Amino acid sequence: MSTVNLTKNQTLVLDVLTRSEGPLSAYTILDKLRDHGFRAPLQVYRALEKLLEFGLVHRLESLNSFVACAHREHACCSHGTVAFAICESCGQVSEFHDHVIDDQLNSWTRGKGFKPSKTTIEIRGLCAACNI
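Each residue of the sequence shown is one higher than the one before, counting from 1 in the UniProt record's numbering.
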């Protein structure tokens, strides 16, 4: 991944997500950054929009929240399908990529003449620690 020059706000938002134990909503990010001059949700959403574009963060649709990309060094936006296992008990989110699934989805979309713009898989359940 080529080096991306982030603005101050983008850097602050990415830092909050990187240090977080789990996914965060935009409003939670805003609350964590108020001491850094953030006053409006729009500041957070603008930063998140660019971070999503750069592939540095992901939006978890089912939770309406965001996580830092676990594979930033590999340009996450370039490896196709992004998948997440989300624990419904403790909130842990594990990001993973599976080439077999990616190949099957690509084969299906090609066969149907469908051109996907984004593919995200969210698996909800219990992580190993909570599934005892």
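For glycine and all other residues, C-beta sits at the position ideal for the given N, C-alpha and C.
Computed from a predicted model, the values in this text were never measured in an experiment.
Open item on the list: Checking 8 Å against the spacing of the C-beta atoms, do Leu14 and Leu56 come in under that value?
Closed with: As a position in the sequence shown, residue 14 is number 14, starting the count at 1. As a position in the sequence shown, residue 56 is number 56, starting the count at 1. A contact, by the Cβ cut-off of 8 Å.
Open item on the list: I want to check one thing, is the minimum distance from the CB of Gly37 to the heavy atoms of the ligand FAD below 7 Å?
Closed with: Absence of the ligand FAD is noted for the structure shown, with no ligands found whatsoever.
Open item on the list: Please list the terminal residues of the continuous beta strand (DSSP E) segment that includes Ser65.
Closed with: Here residue 65 refers to the residue found at position 65 when the sequence shown is read from its first residue. For Ser65, the enclosing beta strand (DSSP E) covers residues Ser65 to Ala68.
Open item on the list: If you reduce the DSSP assignment to three classes, tell me which class Arg34 lands in.
Closed with: Counted from its first residue, the sequence shown places residue 34 at position 34. Arg34: helix per DSSP, three-state reduction.
Open item on the list: For Ala47, report the span of its alpha helix (DSSP H) as first-last.
Closed with: Sequence index remark: in the sequence shown, residue 47 carries index 47 (1-based). First-last of the alpha helix (DSSP H) with Ala47: Pro41 to Glu53.
TODO: Could you tell me how far apart the beta carbons of Pro23 and Phe66 are, in whole angstroms, since I believe they sit closer than 8 Å?
DONE: Within the sequence shown, residue 23 is the residue found at index 23, counting from 1. Within the sequence shown, residue 66 is the residue found at index 66, counting from 1. In this structure, Pro23 and Phe66 form a Cβ contact; the two beta carbons are roughly 6 Å apart against a cut-off of 8 Å.
TODO: Would you mind sorting Ala68 into buried or exposed? The rule is 16 or more other CB atoms within 10 Å of its CB.
DONE: Sequence index remark: in the sequence shown, residue 68 carries index 68 (1-based). Note on Ala68: 16 or more other CB atoms within 10 angstroms of its CB, so buried under the neighbour-count rule.
- [ ] Buried or exposed for Pro100, please, with buried defined as at least 16 other CB atoms from any protein chain shown within 10 angstroms of its CB.
- [x] Numbered from its first residue, the sequence shown carries residue 100 at position 100. Just to set this straight, residue 100 is Val in the shown sequence, not Pro. Classification of Val100: exposed, given that the 10 Å Cβ count is below 16.
Task: First through last residue of the beta strand (DSSP E) which encompasses Gly125 - done: Start at 1 with the first residue of the sequence shown, and residue 125 comes out as number 125. Bounds of the beta strand (DSSP E) holding Gly125 are Thr120 to Gly125.
- [ ] Determine the extent of the alpha helix (DSSP H) in which His99 is found, giving its start and end residues.
- [x] Mapped onto the sequence shown, residue 99 falls at position 99. Note, His99: alpha helix (DSSP H), His99 to Lys112.
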